[in-house]
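For reference, the structure discussed in these notes is given below.
Number of protein chains: 4
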Amino acid sequence: MQRFFNTIGVIGKLNDSRVASTLTSVCAFLRKQDYQVFVEEGSAQFVCDPAQVRIGSAKQLGEACDVVIVLGGDGTFLAAARDVASSNIPLIGVNLGRLGFLVDISPDTLTQTLAQMLSGNYTQEERCLLRAQIVRDQHIIHEETAMNEVAIHRWITPSMIEIVTKIDGVFLNSQRSDGLIIATPTGSTAYSLSAGGPILYPSLNALVLVPLNPHTLSNRPIVIHDGATIEISFCQRKQINALVTCDHVEIPDVLISDKILVTKAPKPITILHPAGYDFFDILRSKLNWG
Amino acid sequence: MQRFFNTIGVIGKLNDSRVASTLTSVCAFLRKQDYQVFVEEGSAQFVCDPAQVRIGSAKQLGEACDVVIVLGGDGTFLAAARDVASSNIPLIGVNLGRLGFLVDISPDTLTQTLAQMLSGNYTQEERCLLRAQIVRDQHIIHEETAMNEVAIHRWITPSMIEIVTKIDGVFLNSQRSDGLIIATPTGSTAYSLSAGGPILYPSLNALVLVPLNPHTLSNRPIVIHDGATIEISFCQRKQINALVTCDHVEIPDVLISDKILVTKAPKPITILHPAGYDFFDILRSKLNWG
Amino acid sequence: MQRFFNTIGVIGKLNDSRVASTLTSVCAFLRKQDYQVFVEEGSAQFVCDPAQVRIGSAKQLGEACDVVIVLGGDGTFLAAARDVASSNIPLIGVNLGRLGFLVDISPDTLTQTLAQMLSGNYTQEERCLLRAQIVRDQHIIHEETAMNEVAIHRWITPSMIEIVTKIDGVFLNSQRSDGLIIATPTGSTAYSLSAGGPILYPSLNALVLVPLNPHTLSNRPIVIHDGATIEISFCQRKQINALVTCDHVEIPDVLISDKILVTKAPKPITILHPAGYDFFDILRSKLNWG
Amino acid sequence: MQRFFNTIGVIGKLNDSRVASTLTSVCAFLRKQDYQVFVEEGSAQFVCDPAQVRIGSAKQLGEACDVVIVLGGDGTFLAAARDVASSNIPLIGVNLGRLGFLVDISPDTLTQTLAQMLSGNYTQEERCLLRAQIVRDQHIIHEETAMNEVAIHRWITPSMIEIVTKIDGVFLNSQRSDGLIIATPTGSTAYSLSAGGPILYPSLNALVLVPLNPHTLSNRPIVIHDGATIEISFCQRKQINALVTCDHVEIPDVLISDKILVTKAPKPITILHPAGYDFFDILRSKLNWG
Chain B
1 MQRFFNTIGV IGKLNDSRVA STLTSVCAFL RKQDYQVFVE EGSAQFVCDP AQVRIGSAKQ
61 LGEACDVVIV LGGDGTFLAA ARDVASSNIP LIGVNLGRLG FLVDISPDTL TQTLAQMLSG
121 NYTQEERCLL RAQIVRDQHI IHEETAMNEV AIHRWITPSM IEIVTKIDGV FLNSQRSDGL
181 IIATPTGSTA YSLSAGGPIL YPSLNALVLV PLNPHTLSNR PIVIHDGATI EISFCQRKQI
241 NALVTCDHVE IPDVLISDKI LVTKAPKPIT ILHPAGYDFF DILRSKLNWG
Chain F
1001 MQRFFNTIGV IGKLNDSRVA STLTSVCAFL RKQDYQVFVE EGSAQFVCDP AQVRIGSAKQ
1061 LGEACDVVIV LGGDGTFLAA ARDVASSNIP LIGVNLGRLG FLVDISPDTL TQTLAQMLSG
1121 NYTQEERCLL RAQIVRDQHI IHEETAMNEV AIHRWITPSM IEIVTKIDGV FLNSQRSDGL
1181 IIATPTGSTA YSLSAGGPIL YPSLNALVLV PLNPHTLSNR PIVIHDGATI EISFCQRKQI
1241 NALVTCDHVE IPDVLISDKI LVTKAPKPIT ILHPAGYDFF DILRSKLNWG
Chain G
2001 MQRFFNTIGV IGKLNDSRVA STLTSVCAFL RKQDYQVFVE EGSAQFVCDP AQVRIGSAKQ
2061 LGEACDVVIV LGGDGTFLAA ARDVASSNIP LIGVNLGRLG FLVDISPDTL TQTLAQMLSG
2121 NYTQEERCLL RAQIVRDQHI IHEETAMNEV AIHRWITPSM IEIVTKIDGV FLNSQRSDGL
2181 IIATPTGSTA YSLSAGGPIL YPSLNALVLV PLNPHTLSNR PIVIHDGATI EISFCQRKQI
2241 NALVTCDHVE IPDVLISDKI LVTKAPKPIT ILHPAGYDFF DILRSKLNWG
Chain L
3001 MQRFFNTIGV IGKLNDSRVA STLTSVCAFL RKQDYQVFVE EGSAQFVCDP AQVRIGSAKQ
3061 LGEACDVVIV LGGDGTFLAA ARDVASSNIP LIGVNLGRLG FLVDISPDTL TQTLAQMLSG
3121 NYTQEERCLL RAQIVRDQHI IHEETAMNEV AIHRWITPSM IEIVTKIDGV FLNSQRSDGL
3181 IIATPTGSTA YSLSAGGPIL YPSLNALVLV PLNPHTLSNR PIVIHDGATI EISFCQRKQI
3241 NALVTCDHVE IPDVLISDKI LVTKAPKPIT ILHPAGYDFF DILRSKLNWG
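Shown next as structure tokens:
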């Protein structure tokens, strides 16, 4: 019988003991089915029988695995996706009891669901990532990947910042606000939604720019093509630093005089869902509709 | 010298005497340049020298003209676009002193701008239209076109309605609200924006569904592919009629038991703008940014 | 032993058989305790032992009772409150299984809770009502009471209306929109909230004006003193009628040329809650916080 | 003739040369009318004839003056109001060409307007202030005044914070968000409005709590009595510091383990407006209504 996957990685939520039982049953299940199992080192302490599995860094998992199972919340999935983004391997998301947008498999039915999926019975989906590049003196000095959003925040200074945005080189606006979110469809149900952004269907080739508490009330979310290049700069103010985050992780040492280029990353992330995956169903559940 | 256009239609804002002077100068300018001029009958009363122009219905203009100039506000343009939609001829929008999203040419510089554009120096843009179909007993009993939005409203009954939405046959949600707007990118800066919808870049292949004052606060605007089929039905309530509008024009005799199918119309509308057209510039102006 | 109440009215949700069992147990309980019981005629069909109770109109209940128990949802409570508003008697709200803002007593613990409350162990609260007066040719031709909100709606005509608002005779604004809600603190968690209004603490002496999908994006909810007189008129448009509702019930025959005066009603409604009533607790529950 | 004022203070926008000409004409006008003039030291460099005026700190102005004229924007007025808050003297606001909510007198008609006002022809208005107290180990370790708002912000850490709010000792909610604004009616048209808060009529005895981008979409602005005590604490997270600002000025050294008490300040600020002051007129102008 043909196998779809041989080596299967497992990444658990960092230092969270709640992953222990699920991790144990996943590893036992996979080993019983004769898969090679490769556990990310941050969860390795929770593996019952370490002799049965290989342990290594997320980077090593990315290189060696055919698929990676993520155990945790959407935040764990985001971090894992960014870690293995360059490796082009698919991810499966398993939650710890609370449904997530990305971790859509319940631990209660985990082994049956995994058995189905690993035998090829799954729905495959690609989600685009963002790439943020920090430009100083015309050189890219830093580059980071985001699955949900790149966000420009007001530095700790208590007053608003003034952000200048260009789309494909064309001036969009200059806005005083607490910041700006540039979100993917995946990110449109996360921080962007809290800030008043719309929900984008996951496979839509679009990004949304959402101002954070803009001084001008008619500054509203704008949805653009995901092929666009978004260029952010700041009207010079008193502060020296700028705060730019990718999926809530700060890019270090950004200056207010830097430019930030945001584009779609060259490669998307592949997610495997149980067959019959229904985004609207998850949306209804997560947003308490009906 | 090659001409880009031979017969040029002119549609003015209905029964609005403010079109008179602009209409007169447009007709004089076009006749002087030896174009055939075909004026829509609703504005014909304001033409100074009727002998110089042909007069007819919008339908006749659509059949005979190579391009149609619309004089008025965005509402005039919407009506004209729907009238000539089946003819596939481009439109040029001229305002009466107040910039519109669609009527972006000022009467002040009209003849210079027209001279440039008619000599081929223009920016061409396609905007998608929506088609609303009323389905009763599995038959399409009525079909209508919208450029901005199809809107489902609470009937005059003072209580909320309950609207069931499916996208490509998949259940999205059932929501109690004052109604639902399905807007094109063109419509995203009109009624949809008032209802809390995002701005969609004009060429984005997307539609936005915006709930009107939904009972569930997490019912938020959703942006989907414009290739989708949106199916609206109602949870049966006491009323008999349903109120469905296309660009604020009511579709007559819709029943609460009917289904409404909304899809992208087969053909887009072509708009000609002055060379250097900049959507963001119009956006900043219309929304009082900065 | 001193009794706080002698005659107790009961108003059930109209024609809804779900009230039957609760109504039966309430009547049995009250009769056993030797209270006079007076059931509103709309629910009388569900009373098991009609010989034990008096049956009459809401108006008759208002005249004869010391307190009225309402069985149903918030809508039932609103209607009852408006029916007995002039009688100045307190209301107790009992839900049919789903917590309401006004019907805060669960049927599960009903008889214990009632026993406590009828022996004087309750929290008393006053909620202001609104009075809408329709003025034609300087005469008040109609007057109506609302507990949640007075709402001015776009007539069935599909385009926006233009509403002129004055506060205590001072011009506030002229706005194009789908309408305007004027809500009490009680109403601030109902339709007003769906339209983007804030939550007002129940005892705050304030009203909120909430525009419905205003054309001007900076038209935002405004909170004013509840002692103010709000005067609404319309910029003349093509329609003849105006749609004004009190708690979702239409005021008949309002013309677009009429003025609408909205003020606080002279007398508030008194609600009795179980001792320890906590508005924030109900808010958290109703709005799914945390 | 009785004089209403003898010593008049003048506070200009700090280090902004645009105040020079207005400051000069104000001082000349006041001296000509034989008023004692007392200029705040931050603007003293722009006074043409320093021998004619007294120069000192804001505190000294507060002690010596009968009224203080503020030249600048709303931000200058806010700072001045907090500086003289304890002195209980009225303020007059003069803008530098751009109308503000607080600086409502235009420099163009300044001397005529001042002549009128100083002769007693003015509208007097009181605006409440907020007091923020930082509580550590049951002691108040710091106290600060705000005219617009007290704001609790996410520290520089890129993830949301979890804020617990109690009103008069009663638990309101625990919310994950970017922060929380507690605004006065005066502040309701400033930062609070950008964050989605309602407009409060200036003399309303109310405060509004506005969550900043809350994770739970039904977390909405809440308007409460201004006599309430608001107690803010944090669910312990990884960070050590908390960021609390009063009118965009940071309170130093607040810890995540501190409590923040926000109440109305004991004394309001008095503002003198030209006779016929109309808040709605300023509102329409500032918010581009119509």
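Residue numbers (my numbering), protein chains in the order written: chain B, 1 to 290; chain F, 1001 to 1290; chain G, 2001 to 2290; chain L, 3001 to 3290. Where is the CB? At the ideal position from N, CA and C, for every residue including glycine. Given the structure is predicted, the values throughout are model-derived calculations rather than measurements.
Counting other Cβ atoms within 10 Å of its Cβ, Ser3057/L stays below 16 and is therefore classed as exposed. Shown here for Asp66/B: same chain residues with a beta carbon closer than 6 Å to its own, the five before and five after excluded, namely Phe5, Asn6, Thr7 in chain order. For Ile1089/F and Ala1206/F, the gap between their C-alpha atoms comes out near 23 Å.
Judged by DSSP secondary structure, Glu125/B falls outside any alpha helix (DSSP H) and instead within the beta strand (DSSP E) spanning 122-127. For Asp3258/L, no chain G residue has a C-beta closer than 8 Å to its own C-beta; the minimum C-beta separation is roughly 23 Å. At least one beta carbon of chain B lies nearer than 8 Å to the beta carbon of Leu2217/G. Rounded to the nearest whole angstrom, the CA to CA distance from Leu1209/F to Ile3269/L is 47 Å. Counting C-beta atoms within 10 angstroms of its own C-beta, Asp3247/L has 16 or more neighbours from the protein chains shown and is therefore classed as buried. Close CB contacts of Ile2141/G within its chain, under the 6 Å cut and outside five residues either way in sequence, are with Ile2134 (chain order).
Straight through space, the alpha carbons of Cys1048/F and Arg176/B are spaced by roughly 50 Å. In terms of beta-carbon proximity, Asn213/B stays away from the interface with chain G, with every pair separated by 8 Å or more. At a cut-off of 8 Å between beta carbons, Leu1071/F makes no contact with chain G. In this structure Leu1255/F is exposed. Its beta-carbon is surrounded by fewer than 16 other beta-carbon atoms within 10 angstroms. Where Ser21/B is concerned, the enclosing alpha helix (DSSP H) starts and stops at 19-32.
Taking CB atoms only, Asn2288/G has a neighbour in chain B less than 8 Å away. In the three-state reduction of the DSSP assignment, Thr2216/G falls in the coil class. Contact of Ser2174/G with chain L is assigned, a C-beta pair being separated by under 8 Å.
Per the C-alpha coordinates, the member of Leu3091/L, Gly3073/L, Asp3016/L positioned closest to Val3010/L is Leu3091/L. Neighbourhood of Tyr2201/G in chain L, by CB distance below 9 Å: Ile3167, Ala3206, Ile3222, Val3223, Ile3224, His3225, Ala3228, in chain order.
Taking a C-beta distance under 8 Å as the contact criterion, Glu2143/G and Arg2131/G qualify as a contact pair. In summary, the residues of the region 1176-1196 of chain F whose CB is separated from some CB of chain B by less than 9 Å are Pro1185, Ser1188, Leu1193, Gly1196, in the order they occur in the chain. Between the alpha carbons of Phe38/B and Thr24/B lies a gap of roughly 13 Å.
With respect to the C-alpha of Lys32/B, the residue from Leu110/B, Gln52/B, Ser17/B having the closest C-alpha is Gln52/B.
Around Pro3198/L, the beta-carbon contacts reaching into chain G at under 8 Å are Gly2197, Pro2198, Val2208, Arg2220, Pro2221, Ile2222, Val2223.
If you compare the alpha carbons of Pro3202/L, Ile3230/L, Thr3189/L with that of Pro214/B, the shortest gap goes to Thr3189/L. By the Cβ-count criterion, Arg1003/F is exposed, with fewer than 16 other Cβ atoms from all chains shown falling within 10 Å of its own Cβ.
Boundaries of the beta strand (DSSP E) around Leu3272/L: 3269-3274. Straight across, the Cα-Cα distance linking Pro1107/F with Ile1260/F is about 40 Å. With a threshold of 16 other beta carbon atoms within 10 Å, Gly100/B meets it and is buried. Asp3108/L carries a helical assignment under DSSP once its states are collapsed to helix, strand and coil. Taking a 10 Å sphere around the C-beta of Ser43/B, we find 16 or more other C-beta atoms and assign the residue as buried. Of the candidates Asn2015/G, Gly2073/G, Arg2082/G, the residue whose Cα lies closest to the Cα of Lys2267/G is Arg2082/G. Between Leu3114/L and Arg3127/L, the alpha-carbon positions lie close to 21 Å from each other. Lys1166/F and Leu3287/L have their C-alpha atoms roughly 39 Å apart.
In the structure shown, Pro185/B adopts coil according to DSSP, grouped into three states.
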